[in-house]
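Residue numbers (the numbering used here), protein chains in the order written: chain A, -2 to 305; chain B, -2 to 305; chain C, -2 to 305; chain D, -2 to 305.
We put the CB at the ideal spot given by N, CA and C, even for glycine.
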């Protein structure tokens, strides 16, 4: 764990929790117990910690069956049912599981994140408390230039002196903003001048500063979040979080559901009626050109890429 | 546990779950472990079973603080903060806890219940499966007559021969409906006639038949449900469920939150600006009559009742 | 309009509303104005009435652009953007439109309907009011037998004497239940016996009785509802409502969005990663058998059907 | 309208919309038509514009009654019913009305605002587009110092040279951040260096920069938002918006509902069971001291303040 993520008091508190051993009759996932409370680092100062979870793969089956006991007893039947539920968009059994996370993330990432409204959030309050001197500076390989073709996209990496200059600007402005934030708060009572109200002083901080929150969400909405934010079109900085949630959290928590989710959603594709017509012809050996396909240029290109 | 609630296979399945003992680092509530999976009987054939839970009183504090460890360590501080959150309607920390229940209930109760949309539900499907011969017949002391003054209320209990006649009608009609349901389904393949589709046959069953579902909800919305359905204005049959959820489930799960909830919400009162004006005068020793109060007749009466 | 749907007082009230002519600066859709307040009949006693709507195709564009004026001015650009939003699951601009409907439907349909929680509902209260003698009896061509292969499906139509017998049972039981409902309520005060509380008496009515409600939903969730309930796997009785909402309401209200919705969602298909691998091979002229496809029997069959 | 809020193109677009006159049969509110599309200025560069609305006071009644026509015909009956619904927390009829707004607001206000999840939002995208050089600087009378007693509160106003210095810091930092934002974007293609991706460049902007969005919400949740954000405990900057929504929008849109909302919610009070016990004694002429009241110090003080 890099030094920058936790101070010693925080590490000790986490350590204490990680040493707890309670007895429970509840569904328990050993792989999740292993990672409970421990931070996965993300970006330069961020992290993801699993705080609690409810349910396992069997709980999805149990809810789908409205059963008195565990649902089915055989892993194979569970897998079959979970695949079926995923393929036919029966989402309610997946809503019966829940995960709670502690996440530290830059404010501009947090602003994208909260658009997913079907989750519970408690955010660290900058009205009430004081933010730390922690801000996000992209690693050199992520300092991307603006795409010329896609308004919302990145192109190549910026390198050399120009890259250094950009990074220096970002660092200097964030540092300067934080220096002034501290001046405005005047926590030390210097010169016996009153501090500016915390809820006002924070307005000087740029959105690359880190915030943190508790985030709790059910499995169905968790997967919906991941399907959008672990997608290649998502901004790199939020995708960095989604990738860890997918590959480190979901995979441990729900191995069967994870597999079905990858196959049907993450790596699955959605085709329009018109695109499907094109494919039907192609599988019958007909040659199809864009002009007769009824597809727009962009959708046509997306289809051709899919079939490579 | 009355015989009518569980058959022997169900009892065995529940028994198996109740004997599980896993180790966990998660927040665990001993009082909840004691009742896990076991049915609390409600009405004549219904029940409530706790299937899973997430969080405890300390988890509310932990989320409110966005803390690395447990939140505060002292019960007194926890109580103070929880009272404060409840009084000032800071609902998000309460959303950080979750409970999952298996509930068996008459369909007319289920129809009121689902109006609370902020919960997850998996209901037993009568399209797919066959309902049991189980229907609700009120106990004699709950066979209430229609109120003459309140369209939506009950008055005295109906007794004697007339009561018996009513109960007989309800029983006969339900029995007869179920006999026909079985005839329509023709599961035994009698006379080699095809059974009517399950999704159609069920239409013959009255709404006092029992259904069942898994119901999962966060603590904040759970309390909102209870504040409306454990209220004296709620219909007796849904209140019977809400009372058990309040006094048997919430009280065990979250003793501090339960106390605050009772004080501020269940037994607390909401007063209009005009009613508050009346009270101000009264506490100063002024005499106030309805005519000058600005209150309507009904609100005035509610206020007088409150002050008895 | 069939006699059974509205009485003369209701017709008059609707007529009065339909004669209103207000001036407004709001987005207005002529095709929707034409059908406002008027009932579309569904099943034997049900209906759908549009009561109000907010927004049009241009409002989707306007919201996506967060524009000061109308969004784009050209229909072509609007269509291109709406197609793009639909294809890439940008759902929030579609949430910016809203429709409000008055719907009369059998209770077993209502019970499926409310599973869609992201809508606002006001239902006619049988605690407070008295239900009419109106129940659903399937038309002969919809009296389907249970499928032997699909637990949740229908097979052929039941005909002849047996069909008549089934219909007679359904009618008699519903009639008998309503006679007893009236006896229990004793609204006429016959024999000066007290009526049973309305909230209790209703428990005797089967779920084919009609209820009614106001239902309000945003365009995104409306389409999600339609994609599940106008689907061939939905139960016929709810699909009858969804088909009218799709072809009579959505098509008039949002012609461009309707088209995109049909192409990408209603008639679009979702393929798993494994199914896509099969298609890739097929379009390259390779022959693929189920055994090497990695698909289960059911998914394989669904894929073959798609490619016919 | 102050110059800083709209440019001439925006004014022209709004003007065009405001000149529309459509015929409609929908419920229409003249007072709302008057203000449609026009900006109410808030803070130094923000605004609120009503874009669309659905329903009026009568529509609340109509939904509560599930009526074929308008609900009641008499204003008095409407008022009585609306008061009753408000007093007894029957929220669903209020959900049947909807309002859509275009709002421009500082990012730190936007971050508080989105915690209300039961609304639809389309925000101007800084991944896709470029933000304007517009940032919030408090008016001198709102430059408040931090409270010493309440972590989350303000105390007196900061004045004189020190105030000027603070304002200068805020202005300089925002200006400097925007200069660098423009440098990083390099929209003019200066020195033929590639621009930094928009989604990255924006990270340099402080949270007092303005963003804007379309926000759509139903009447019930709108009032819930107002009850929290027009409250004296809300931060001044978000209260400035809530006050206009309450006094300029809600009051025009829903005069009867507005009145009931003020009486029962905004100016109403919630008392705990223990506080109510104190009041009972006081209205009977008993003297009560804090020590025997069972109330904590803070709640006792709140109660005494209420009774002044």
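Counting along the chain, residue 224 of chain D sits inside the alpha helix (DSSP H) bounded by residues 216 to 226. At a cut-off of 8 Å, the C-beta of residue 167 of chain D has a neighbouring C-beta in chain A. For residue 270 of chain C, the enclosing alpha helix (DSSP H) begins and ends at 270 to 280. Residue 155 of chain C reaches chain B at 191, 193, counting residues in chain order whose Cβ is nearer than 8 Å.
For residue 125 of chain A, the residues of chain D that pass the 9 Å Cβ criterion are 148, 149, in the order they occur in the chain. C-alpha of residue 176 of chain B to C-alpha of residue 185 of chain B: approximately 13 Å in a straight line. In terms of Cα proximity to residue 273 of chain B, the closest of D:270, D:24, D:260 is D:260. For residue 8 of chain D, no Cβ of chain A is located within less than 8 Å of the residue's own Cβ. Cβ neighbours of residue 249 of chain D within its own chain (closer than 8 Å, five residues either side excluded): 26, 28, 29, 31, 32.
Of all residues in the segment 68 to 82 of chain C, only 77, 80, 81 place a beta-carbon less than 9 Å from a beta-carbon of chain A.
If you draw a 10 Å sphere on the C-beta of residue 136 of chain C, you find fewer than 16 other C-beta atoms in it, and that means exposed. Taking each of A:180, A:196, A:195 in turn and checking the Cα distance to residue 189 of chain A, the smallest one comes out for A:180.
Around the C-beta of residue 23 of chain A, 16 or more other C-beta atoms lie within 10 Å, and the residue is accordingly described as buried. Where residue 141 of chain D is concerned, the enclosing beta strand (DSSP E) starts and stops at 141 to 143.
For the pair residue 201 of chain A and residue 103 of chain D, the CB atoms are not nearer than the 8 Å cut-off.
For residue 14 of chain C, the neighbours in chain D by C-beta distance under 8 Å run, in chain order, 22, 66, 67. Within the segment 79 to 166 of chain A, the runs of beta strand (DSSP E) at least 3 residues long that lie entirely inside it are, in chain order, 95 to 103, 117 to 120, 141 to 143, 151 to 154. In this structure, the CA atom of residue 64 of chain A is about 12 Å from the CA atom of residue 14 of chain B.
Among the residues of the segment 263 to 285 of chain D, those with a Cβ less than 7 Å away from any Cβ of chain B are 264, 265, 266, 267, 268, 269, 270, 271, 273, 276, 277, 279, 280, 282, in the order of the chain. In chain order, 269 make up the part of chain B whose C-beta sits under 7 Å from the C-beta of residue 261 of chain D. Distance from the Cα of residue 269 of chain C is smallest, within the candidate group A:99, A:173, A:85, A:281, for A:85.
If you ignore the 5 residues before and after residue 178 of chain B, its C-beta comes within less than 8 Å of the C-beta of 128, 198, 199, 201, 202, all in its own chain and listed in chain order. When DSSP states are grouped into helix, strand and coil, residue 46 of chain C belongs to the strand group.
The shortest CA-to-CA distance from residue 182 of chain B to any of C:226, C:172, C:166, C:171 is the one to C:166. Taking a beta-carbon distance threshold of 8 Å, residue 163 of chain D does not count as an interface residue toward chain C. DSSP places residue 21 of chain B in the strand class (E or B) of the three-state scheme.
With its beta carbon less than 8 Å from one in chain C, residue 296 of chain A belongs to the interface.
Under the three-state reduction of DSSP, residue 26 of chain A is assigned to coil, being neither helix nor strand.
In the structure shown, the three-state DSSP call for residue 300 of chain C is helix. Rounded to the nearest whole angstrom, the C-alpha separation of residue 90 of chain B and residue 305 of chain C is 54 Å. Identification of chain D residues near residue 84 of chain B by a Cβ-Cβ cut-off of 9 Å yields 267, 269, 295, 296, 299, ordered along the chain. Taking a beta-carbon distance threshold of 8 Å, residue 223 of chain C does not count as an interface residue toward chain A. For residue 289 of chain B, no chain C residue has a Cβ inside 9 Å of its Cβ, as the nearest lies near 33 Å away.
Residue burial annotation: residue 153 of chain A is exposed, with fewer than 16 other C-beta atoms found within 10 angstroms of its C-beta. For residue 208 of chain B, the three-state secondary structure derived from DSSP is strand. The three-state secondary structure of residue 292 of chain D, taken from DSSP, is coil.
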